[in-house]
Structure formats: structure tokens, C-alpha cells
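Peer 1: I have a structure I would like to understand better, so I am pasting it below and will then ask my questions one at a time.
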Amino acid sequence: MPAFMRLAGIEGEATDSQHKGWIIIQSMSSPIYRSIPEGARDQQRTKGETTLGDVVVVRDMDKSSVPIQQACANGTFYPEVEVHFCTTVKNKQEPYLKYKLKDVILTSYSFHGNSTGTPIPSEELTLGYTKAELTYVTVDPKTGTPQGQVPGSYSPGEGRA
55 MPAFMRLAGI EGEATDSQHK GWIIIQSMSS PIYRSIPEGA RDQQRTKGET
105 TLGDVVVVRD MDKSSVPIQQ ACANGTFYPE VEVHFCTTVK NKQEPYLKYK
155 LKDVILTSYS FHGNSTGTPI PSEELTLGYT KAELTYVTVD PKTGTPQGQV
205 PGSYSPGEGR A
């Protein structure tokens, strides 16, 4: 399952025709937390606050690593960051899950390497944002034809999906 991220002004090593120059990623997590008031029962439990955790991206180091480190250290603002998770259909990478994060700042960066094990160090970066838009695309595995989309969004400032 290839996955790609686009950060404006930072060139990655993706060669896929639809994602050329995007940053290749191994995984992404996007936590959402919902507090439940202490002692709440039944529907009272829905009165808690929702908090979106920073998106966490794990990837192997490549030519985009140094610019990513600098963007984190400098507090670079990105109006939008895109992430696509793809599946292979007819020898072509088709996105089946698309994320658009709005008003993004890299909130942390760390790399993990050692003298044994994998030859390429991995890195983890977190992205703080104000709004997430996501779309799941249903693709026919035989024809590659998109069959529909399931959109969604959430803005913690607005407190609703």
C-alpha cells in the first residue's frame, strides 16, 4: 500500500505518475479523543469535548529529510498538506483514501537510526492542524473505475464533523 504526502516547497522521491515529487511515507496515524465527563451516564456521556491529536507520519529518510527538519525547527506554516493512500489497479497507483489537512505546522521531528538493523534510518514527524478533510474512494479492483466517494471533515475549532 503506497502512501504519499505533499508538503509545498519540499520535494520527495516519489516517481509515481500521479504523485511525482511527493514524499513517500510508510504510515500515518490520526488520533481523535473524546472525553467522557466523570460520573456521566447514558446520553450524558456525549457531552464531552473532542480533541484531535497531531497526525503522526513515519517514513524512511530521503532527500526531503533535511528540509522537513528545517520546516519543523522554523515553524513553517503550510496552508494545506495532502496525504494519499493508494492501491494498485492495472499497474497504476489509485488513491483510495485522501487526507487534506489545513493550517499545518510540523510540531515535532525525530529520526531513529542505529548501526545495526535497517540500513536507512526512519523518521517520525507530527503535524498540528486546524481542519481535516478526508475522502474514501471506492475503486472497482477489476476495472480501476472509481465507484463513489465517502467524504468527511472535522474542525476542532468548530467542534463538529
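All letters in the sequence shown, in the order written, are residues 55 to 215 by the working numbering.
Where is the CB? At the ideal position from N, CA and C, for every residue including glycine.
Just so you know, these numbers come straight off a predicted model, no measurement behind them.
In terms of alpha-carbon separation, which member of M55, I159, P175 lies closest to H234?
Peer 2: The structure shown does not extend to residue 234, since the chain is modelled only from 55 through 215, so no value can be given for it.
Peer 1: Taking its Cβ as the centre, do 16 or more other Cβ atoms sit within 10 Å of A125, making it buried, or is it exposed?
Peer 2: Burial call: buried.
Peer 1: Using DSSP with H/G/I as helix, E/B as strand and the rest coil, what is K196?
Peer 2: Coil at K196, not helix or strand.
Peer 1: Assign P56 to one of three DSSP states: helix, strand, or coil.
Peer 2: Looking at P56 - three-state DSSP - the assignment turns out to be coil, as it is neither helix nor strand.
Peer 1: Taking the alpha carbon of G182 as the reference point, which residue from N128, Y87, V109, T192 has its own alpha carbon closest?
Peer 2: Of N128, Y87, V109, T192, the residue nearest in Cα terms is V109.
Peer 1: For M55, does the count of other Cβ atoms within 10 angstroms reach 16, so buried, or fall short, so exposed?
Peer 2: Per the 10 Å Cβ criterion, exposed.
Peer 1: What residue range does the beta strand (DSSP E) around I221 cover?
Peer 2: The structure shown has nothing for residue 221, since the chain only spans 55 to 215.
Peer 1: Return the bridge partner residues of T170 from the DSSP annotation.
Peer 2: Paired residues: none, contrary to the question.
Peer 1: Take S81 as the anchor and find which of G75, K101, T180 has the nearest alpha-carbon.
Peer 2: The residue with the shortest Cα to Cα distance from S81 is T180.
Peer 1: Just to confirm my understanding: we take S192, look at its own chain, exclude 5 residues before and 5 after, and list those with CB closer than 8 Å. What are they?
Peer 2: The amino acid at residue 192 is misidentified as Ser; the sequence shows Thr. Cβ within range, chain order: Y150, P200, Q201, G202, Q203, V204.
Peer 1: When DSSP labels each residue in this structure, what does I122 get in the three-state scheme?
Peer 2: Here I122 sits in helix by DSSP.
Peer 1: Answer yes or no: do L188 and Y153 have a C-beta to C-beta separation smaller than 7 Å?
Peer 2: Yes, they are a contact pair.
Peer 1: DSSP three-state call for D157: helix, strand or coil?
Peer 2: Residue state, collapsed to three classes: strand.
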